[in-house]
Amino acid sequence: DAGVTQSPTHLIKTRGQQVTLRCSPKSGHDTVSWYQQALGQGPQFIFQYYEEEERQRGNFPDRFSGHQFPNYSSELNVNALWLGDSALYLCASSLGPSQGSHEQYFGPGTRLTVT
Amino acid sequence: GNSVTQMEGPVTLSEEAFLTINCTYTATGYPSLFWYVQYPGEGLQLLLKATKADDKGSNKGFEATYRKETTSFHLEKGSVQVSDSAVYFCALSRSGGYQKVTFGIGTKLQVIP
């Protein structure tokens, strides 16, 4: 049973550029959430997708956007990168809101470095 | 809003010592509570969970009890091993509906032989 997968593993970008990160959820899961984990901090919620729509959003600017595809995989896009966007980006998958599960399963993350 | 406060590390223990990592939370209603563990260079793994008051979550020798009266969910282990060295995150999510997880800052545990 494949768990949550993310790509790429590492990424280096220049300030002002745009980046796309990808996530495939655990088999059977239909909800994907994205988190940003700065060095030495706990993960911060960015947004959550279910049925191809953004359902919840954390306190992140519009430079952060996402998409969910019919196969439940998801992308996180960040435009106009800042140095402060350097972090580990975690994807988590879970069952939909009607199924009552509280567990989110996390992928290994994508380490983004902005120079 | 929801928040989680956990003791700051790092915590350094000798092998076979007793571990306690304190965690308190602020939330409306009855959230679900979690402990996640992050090993070096890896993502987060769910260690244990509790979904209602007085529930005890347990896994791999770790335990935590959901205390509604003190809004706490302290992590304990009777005898730590070197392989337990990692960062531990206390977290919560509300029950039902669309759930986001709110994390504490994390506590780094180092176990020395």
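Those protein sequences? They're chains A and B, same order as listed.
Going by the numbering used here, the first sequence opens with residue 1126, and the numbers climb by one from there.
Going by the numbering used here, the second sequence opens with residue 8, and the numbers climb by one from there.
Ideal placement from N, C-alpha and C gives every residue a C-beta, glycine not left out.
As the structure is a computational prediction, the values presented were derived from the model and not from experiment.
Task: Expected contact under 8 Å - CB spacing of A/L1191 and A/L1201 to nearest Å - done: Walking along the first sequence from the start, residue 1191 of chain A turns up at place 66. Walking along the first sequence from the start, residue 1201 of chain A turns up at place 76. According to the sequence provided, residue 1191 of chain A is Gly. The question's Leu does not apply to it. Confirmed, about 5 Å.
Open item on the list: List, in chain order, every chain B residue whose beta-carbon is nearer than 8 Å to that of A/F1189.
Closed with: Walking along the first sequence from the start, residue 1189 of chain A turns up at place 64. Correct list: empty, because the minimum Cβ distance to chain B is about 14 Å.
Task: Three-state class that DSSP yields for A/V1203 in the structure shown - done: Position 78 of the first sequence holds residue 1203 of chain A. It is a strand residue.
Open item on the list: For the structure I just gave you, are there three or more beta carbon pairs, one from the region 11 to 20 of chain B and one from the region 84 to 101 of chain B, closer than 8 Å?
Closed with: With a cut-off of 8 Å, the region 84 to 101 of chain B and the region 11 to 20 of chain B count as touching, because enough Cβ pairs lie within range.
- [ ] Return the bridge partner residues of A/G1191 from the DSSP annotation.
- [x] Within the first sequence, residue 1191 of chain A is the residue found at index 66, counting from 1. Partner(s): A/L1201.
Open item on the list: At the 7 Å Cβ level, is B/F25 part of the contact set with chain A, yes or no?
Closed with: Position 18 of the second sequence holds residue 25 of chain B. It does not: the Cβ of B/F25 has no partner Cβ on chain A nearer than 7 Å.
- [ ] Could you round the C-beta distance between A/V1157 and A/Q1193 to whole angstroms and report it? I think they count as a contact, below 8 Å.
- [x] Stepping through the first sequence from its first residue, residue 1157 of chain A is reached at position 32. Stepping through the first sequence from its first residue, residue 1193 of chain A is reached at position 68. With a Cβ gap of about 6 Å, A/V1157 and A/Q1193 count as contacting.
TODO: Determine, using beta carbons only, whether B/F110 comes closer than 7 Å to chain A.
DONE: Taking the first residue of the second sequence as 1, we reach residue 110 of chain B at position 103. Interface annotation, B/F110: in contact with chain A, CB-CB separation under 7 Å.
Task: Whole-angstrom distance between B/E83 and A/P1233, CA atom to CA atom - done: Locating residue 1233 of chain A in the first sequence gives position 108, counting from the first residue. Locating residue 83 of chain B in the second sequence gives position 76, counting from the first residue. If I take the Cα positions, the gap works out to 26 Å.
- [ ] Check whether the Cβ atoms of B/F41 and B/G85 sit closer than 7 Å, and answer yes or no.
- [x] Position 34 of the second sequence holds residue 41 of chain B. Position 78 of the second sequence holds residue 85 of chain B. Here B/F41 is not near B/G85, since their CB atoms are 7 Å or more apart.
Task: B/Y46, buried or exposed, once every other Cβ within 10 Å from all chains shown has been counted against 16 - done: As a first step, residue 46 of chain B must be located in the second sequence, where it is residue number 39. Label assigned to B/Y46: exposed.
Task: Any chain A beta carbon closer than 7 Å to B/K75 - done: Position 68 of the second sequence, counted from the start, is the residue given in the question as residue 75 of chain B. B/K75 does not count as touching chain A.
- [ ] Pull up the DSSP beta-bridge partners for B/Y73, would you.
- [x] Against the second sequence, residue 73 of chain B aligns to sequence position 66. B/Y73 is not bridged to any residue.
Open item on the list: Which residues does DSSP list as the beta-bridge partners of A/H1135?
Closed with: In the first sequence, residue 1135 of chain A corresponds to position 10, counting from 1. Per DSSP, A/R1236.
Open item on the list: In the DSSP output, which residue or residues are listed as bridge partners for B/T78?
Closed with: Your numbering for residue 78 of chain B matches position 71 in the second sequence. Listed as beta-bridge partners of B/T78 by DSSP are no residues whatsoever.
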